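Report on the following structure.
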Amino acid sequence: KIYRASTTAPVNIAVIKYWGKRDPSLNLPTNSSLSVTLSQSDLRTHTTASCSSTFEGPDTLLLNNAPQSLSTARSLACLKSLRALRSKLEDAESSLPKLSTYPLRLVSVNNFPTAAGLASSAAGFAALVRAIADLYELQQSPTELSLIARQGSGSACRSLLGGYVAWDHGTRDDGLDSRARLVAPKSHWSDMKALILVVSAAKKGVSSTTGMQTTVQTSSLFQTRTKEVVPKEMAEMEKAIKSKDFATFAKVTMRESNSFHATCLDTDPPIFYLNDVSRAAIKAVEELNEKAGRTIAAYTFDAGPNAVIYYLEADEDAVLKTFLPILRQKEGWGKMDTKIDGPGPASPQVVEVLEAGVSRVILTSVGEGPISVPEH
Ligand code: DP6
Numbered sequence: 619k620i621y622r623a624s625t626t627a628p629v630n631i632a633v634i635k636y637w638g639k640r641d642p643s644l645n646l647p648t649n650s651s652l653s654v655t656l657s658q659s660d661l662r663t664h665t666t667a668s669c670s671s672t673f674e675g676p677d678t679l680l681l682n683n684a685p686q687s688l689s690t691a692r693s694l695a696c697l698k699s700l701r702a703l704r705s706k707l708e709d710a711e712s713s714l715p716k717l718s719t720y721p722l723r724l725v726s727v728n729n730f731p732t733a734a735g736l737a738s739s740a741a742g743f744a745a746l747v748r749a750i751a752d753l754y755e756l757q758q759s760p761t762e763l764s765l766i767a768r769q770g771s772g773s774a775c776r777s778l779l780g781g782y783v784a785w786d787h788g789t790r791d792d793g794l795d796s797r798a799r800l801v802a803p804k805s806h807w808s809d810m811k812a813l814i815l816v817v818s819a820a821k822k823g824v825s826s827t828t829g830m831q832t833t834v835q836t837s838s839l840f841q842t843r844t845k846e847v848v849p850k851e852m853a854e855m856e857k858a859i860k861s862k863d864f865a866t867f868a869k870v871t872m873r874e875s876n877s878f879h880a881t882c883l884d885t886d887p888p889i890f891y892l893n894d895v896s897r898a899a900i901k902a903v904e905e906l907n908e909k910a911g912r913t914i915a916a917y918t919f920d921a922g923p924n925a926v927i928y929y930l931e932a933d934e935d936a937v938l939k940t941f942l943p944i945l946r947q948k949e950g951w952g953k954m955d956t957k958i959d960g961p962g963p964a965s966p967q968v969v970e971v972l973e974a975g976v977s978r979v980i981l982t983s984v985g986e987g988p989i990s991v992p993e994h
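What follows is the structure, given as structure tokens:
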């Protein structure tokens, strides 16, 4: 008999960034972070986990049809924790099949390019943990499972939940209080949208794991950021989300992205994730907010040049109009421009840089947490 469970898990994009570890082996962060979970119709990892007493050899993982190593410390930590929970169930109930002793076969597929720097490790580890937890029929809550996903990749812990999700840094050495917490479900503020300018599908220069370690060791700005800046921004952001105050949400989001990238620049050797195309995206958002006379869009950048622009559905026309030349060129939006109202496209210099450097535009929105797919 083969036992099987399938799950899809979403990507999340932080508005308060995780950058720095107080314990690299447990992935315990130096500061709390907060993200928006994105819709799985556009960006998600689908993972099927199966196991059987008839399988032989070690556990295996296929990602987009390519074999991946499961012998990294991070993957081993996730598998070990999940097996331990299953084994507890088996000890308590002797009639249960001993799934914890069977080799695992994991098959994952992303519906977006893995190397585009679109938080694939977050969706990947969230899907892996959720799928195996379902396979093992574990009763742990998403927050409890987030402790396991965190060990795979820090940001993955936030992808166990939908909507608006905080990851509290915690203070315990064993990390048991460093986990994801729901700030508000998707339904609380469901008109949050995101436009993603995929700037480069090439793999990023400095991985986030390596980059944040160097920052912790060398940046003096980092100290102020973790101790003083982020705690204040976290409090303000949670308040903005609870009261659906977009202007504050947007201002904190942009300030936070800039603080994070300033800290990267303050690292020795300096880390540059933003490029000319990213800076053109920042300019486009600034022009848009200025022309609109209020803050209707917010940019944020992770460890790469892709721009994620948050806005509310009611302002979609204005945002689309700003990026229309790029949507027309990259996504074939030719005939739609007459129907869209708004202050108009970004300035010609900005459009020129975006047209040359953006490879794809993804329109998405706030979404739900992992979805377990029933087996037939
Ligand atoms: C800039 O979660 O990829 O996207 O824990 O080493 O796997 P590891 O790092 P990772 O770092 C993400 C950094 C970020 C900010 C964020 O998502 O909060």
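Numbering (our numbering), first residue to last: 619 to 994. We put the CB at the ideal spot given by N, CA and C, even for glycine. Fair warning: this is a prediction, and the values are worked out from it, not measured in the lab.
- DSSP, read as helix, strand or coil, puts Trp785 in strand.
- Glu931 and Arg748 have their C-alpha atoms spaced approximately 30 Å apart.
- Taking Val824 as the centre and dropping the five residues before and after it, the same chain places the C-beta of Ile889 closer than 6 Å to its C-beta, in chain order.
- Approximately 19 Å separates the beta-carbon atoms of Thr982 and Leu778; this is outside 8 Å, ruling out the contact.
- Closest option to Thr828, judged by alpha-carbon separation, among Leu679, Gly675, Pro887, Ala899: Pro887.
- Short note on Gly772: C-beta closer than 6 Å to some heavy atom of the ligand DP6.
- For the region 895-934, the full-length beta strand (DSSP E) segments reaching 3 residues or more read 915-918, 925-930 along the chain.
- For Ala880, the enclosing alpha helix (DSSP H) covers residues 864-883.
- Secondary structure in the region 719-761: the beta strand (DSSP E) runs of 3 residues or longer, each lying completely within the stretch, are 722-728 in chain order.
- Taking the Cβ of Asn645 as the reference point, at least one heavy atom of the ligand DP6 falls within a distance shorter than 6 Å.
- Taking 6 Å as the cut-off, the C-beta of Ser739 counts as close to a heavy atom of the ligand DP6.
- Take the alpha-carbon of Ala774 and the one of Val968: they are about 34 Å apart.
- Tyr782 has its Cβ no nearer than 6 Å to any heavy atom of the ligand DP6.
- Distance between Lys716 and Arg622, taken at the CA atoms: about 14 Å.
- Three or more beta-carbon pairs drawn from the region 722-729 and the region 665-684 are found closer than 8 Å, and the two stretches are therefore classed as touching.
- Under the DSSP definition of a beta bridge, Leu813 partners with Ile927, Leu981.
- Residue burial is scored here from C-beta neighbours: Ala858 has at least 16 other C-beta atoms within 10 angstroms and is therefore classed as buried.
- For Tyr636, the distance from the CB to the nearest heavy atom of the ligand DP6 is below 6 Å.
- Comparing alpha-carbon positions, the option among Gly922, Phe919, Tyr929 lying closest to Thr913 turns out to be Tyr929.
- The residue from Arg843, Pro628, Thr648 with its alpha-carbon nearest to that of Leu736 is Pro628.
- Per the DSSP secondary-structure output, Gln686 pairs in a beta bridge with Leu679.
- Gln769 places its beta carbon 7 Å or farther from that of Ala868.
- Scanning His806, Leu763, Ala632 for the CA closest to the CA of Ser875 turns up Ala632.
- DSSP places Leu800 inside the beta strand (DSSP E), whose first and last residues are 798-802.
- Put simply, of Val991, Ile958, Glu856, Pro963 the residue whose alpha carbon is nearest the alpha carbon of Ala902 is Pro963.
- Taking the CA atoms as reference points, Pro731 sits about 22 Å from Ser990.
- The three-state reading of DSSP puts Lys948 in helix, counting H, G and I together.
- The residue from His787, Ala691, Val816, Thr648 with its alpha-carbon nearest to that of Leu972 is Val816.
- Closest in alpha carbon position to Ser965, among Pro943, Lys845, Asp792, Leu753, is Pro943.
- DSSP places Ala632 within a strand segment (E or B) once states are collapsed to three.
- When rounded, the separation of the alpha-carbon atoms in Ala812 and Lys639 is 28 Å.
- Ranked by Cα distance from Val976, the first of Val834, Ala784, Val926, Arg843 is Val926.
- Around the beta carbon of Thr719, a 10 Å sphere encloses fewer than 16 other beta carbons of the protein chains shown; the residue is thus reported as exposed.
- Beta-bridge partners of His806 (DSSP): none assigned.
- In the three-state reduction of the DSSP assignment, Asp792 falls in the coil class, being assigned neither a helical nor a strand state.
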